[in-house]
Amino acid sequence: MKLKSILLTSVLWITAYSATQAQQTQVIAHRGFWKTTGSAQNSIAALEKADSIHCYGSEFDVWLTNDNQLVVNHDDTFKGVTIQDATANVCTAVRLDNGELLPTLRQYLEKGKQTNTRLILELKPHRTPEQETRAIQSIVQMIKDFGLEGRVEYITFSRHATKEFIRLAPQGTPVYYLNGDLPPQELKDWGCAGADYHFKVFRQHPEWIDECHRLGMKVNAWTVNKAEDMQWLIDHKVDFITTNEPVLLQQLLKKN
Ligand code: MG
6 MKLKSILLTS VLWITAYSAT QAQQTQVIAH RGFWKTTGSA QNSIAALEKA
56 DSIHCYGSEF DVWLTNDNQL VVNHDDTFKG VTIQDATANV CTAVRLDNGE
106 LLPTLRQYLE KGKQTNTRLI LELKPHRTPE QETRAIQSIV QMIKDFGLEG
156 RVEYITFSRH ATKEFIRLAP QGTPVYYLNG DLPPQELKDW GCAGADYHFK
206 VFRQHPEWID ECHRLGMKVN AWTVNKAEDM QWLIDHKVDF ITTNEPVLLQ
256 QLLKKN
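Numbering (my numbering), first residue to last: 6 to 261.
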């Protein structure tokens, strides 16, 4: 009888512990961990630094150049170069604020291959759907060539690109739509892995968090840089928070 009760207690404890673990919010570094010495947004250093502090994921932005090469940067026009209108040679001659040259996606993934953090790849909306489809075909092929299919998640504001990632990436690859204007059921019908919205969308629709979970989907909120906003999202059990302040979020999670 006593043994039975000990066993039961252990099972309950393990179940409770697993539930706590499953609920723990995870940290995604927005454009890598860039607010630190020697780093810059969307630099290879920012990816390495996000990995070095054990972020769940490191987010970065991807564009297609006018000669159909993939490069990593946030802005459509960066330091005078409009990426969609420039060749890869011109784009990759631009220096980031930490002195690195603007990386190609290939260079970025070469470093990514040596890290453990998940690669949260955002395709920026391009001028035409054809450009986005071409970009996604190359991205999916490159991820396959690197053997990184199990470590990548795709995100985008473009409805066309969302549908194309779902169509072209291997089944089960997480794809998230960022624009905040679709309710959870619609995201589910599209085949999205969840809702990846600005945190203010969840403050307006806190019921969407539970709804996603009921539908078997995940919730990520971006870009959350203040402790009070982080705490609200942790209390509401979002799965991921994307932030420019990954260390602050990690410290907060330790206290929860
Ligand atoms: Mg981004």
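Yeah, the Cβ is synthetic: ideal placement off N, Cα and C, and Gly gets one too.
Whose C-beta lies closer than 7 Å to the C-beta of N78 among residues of the same chain, with five residues either side of it excluded?
-> Excluding sequence neighbours, N78 sits near N47, D66, W68, I88, L107.
Can you tell me the Cβ-Cβ gap for I49 and K116, rounded? I've got them flagged as a contact below 8 Å.
-> About 5 Å; that satisfies the 8 Å criterion.
Enumerate in chain order the residues of its own chain whose CB-to-CB distance from I171 is below 8 Å, with the five nearest sequence positions on each side excluded.
-> Only V180, W195, G196, C197 meet the Cβ criterion.
With DSSP collapsed to three states, give me the class of E105.
-> In the structure shown, the three-state DSSP call for E105 is coil.
Does ligand 2 have a heavy atom nearer than 7 Å to the CB of E191?
-> With respect to small molecules bound, the structure shown includes ligand 1 and not ligand 2.
So, helix, strand or coil for T138, using DSSP?
-> Assigned with DSSP and collapsed to three states, T138 falls in helix.
N73 to L126, Cα distance in whole Å?
-> Straight-line Cα distance between these residues: approximately 17 Å.
Report buried or exposed for N261, applying the criterion of at least 16 other Cβ atoms within 10 angstroms of its Cβ.
-> Around the CB of N261, fewer than 16 other CB atoms lie within 10 Å, so the residue is classed as exposed.
How about E137: is its Cβ closer than 7 Å to a heavy atom in ligand 1?
-> No, the beta carbon of E137 sits no closer than 7 Å to any heavy atom of ligand 1.
For the segment 143 to 215, which segments carrying the beta strand (DSSP E) assignment without a break, of at least 3 residues, lie completely within its bounds, in sequence order?
-> Runs of the beta strand (DSSP E) inside the segment 143 to 215: 157 to 161, 180 to 182, 199 to 203.
Ranges of the beta strand (DSSP E) found wholly within the segment 208 to 256, counting only runs of at least 3 = With a minimum length of 3 residues, the unbroken runs of beta strand (DSSP E) contained wholly in the segment 208 to 256 fall at 223 to 227, 245 to 248.
What is the rounded straight-line gap between the Cα of K242 and the Cα of K84?
-> Going by C-alpha positions, K242 is about 39 Å away from K84.
Could you give the residue range of the alpha helix (DSSP H) that holds A50?
-> If you look at A50, you'll find it in the alpha helix (DSSP H) that goes 49 to 57.
What do you get for N225, buried or exposed, if any count of 16 or more other CB atoms within 10 angstroms of its CB means buried?
-> Label assigned to N225: buried.
For ligand 1, which residues have a Cβ under 5 Å from at least one heavy atom, in chain order?
-> Every residue passing the under-5 Å Cβ criterion appears here: D66, E127.
Check whether L153 and L124 have beta carbons under 8 Å apart = Judged by beta-carbon spacing, L124 lies within the 8 Å limit of L153, meaning their Cβ atoms are closer than that value.
Give me the Cα-Cα distance between D215 and G221, rounded to the nearest whole angstrom.
-> Roughly 10 Å between the two C-alpha positions.
DSSP-derived helix/strand/coil call for A34 = Here A34 sits in strand by DSSP.
When you compare each of W39, S163, E191, I246 to G104 by their alpha carbons, which one comes out closest?
-> With distances taken between Cα atoms, G104 lies closest to W39.
Taking V95 as the reference, which of G155, K223, V76, W227 has the closest Cα?
-> That would be V76, whose Cα lies nearest to the Cα of V95.
Cα separation between K118 and S63?
-> Within the model, the alpha-carbon separation for K118 versus S63 is close to 13 Å.
Proximity to V157 [Cα-Cα], best of T178, Q112, D56, R219 | When T178, Q112, D56, R219 are compared, the shortest CA-CA separation from V157 is found for T178.
Only counting runs of 3 or more residues, tell me where the beta strand (DSSP E) segments fall wholly within the segment 63 to 134, in order along the chain.
-> Taking only runs of at least 3 residues, the beta strand (DSSP E) segments lying wholly in the segment 63 to 134 are 75 to 77, 123 to 128.
What three-state label does DSSP hand K40 in the structure shown?
-> In the displayed model, K40 falls within coil according to three-state DSSP, outside both helix and strand.
Round the Cβ separation of L253 and A232 to the nearest angstrom and send it over; I've been treating them as touching at under 8 Å.
-> Rounded, the Cβ-Cβ distance is 6 Å, consistent with contact.
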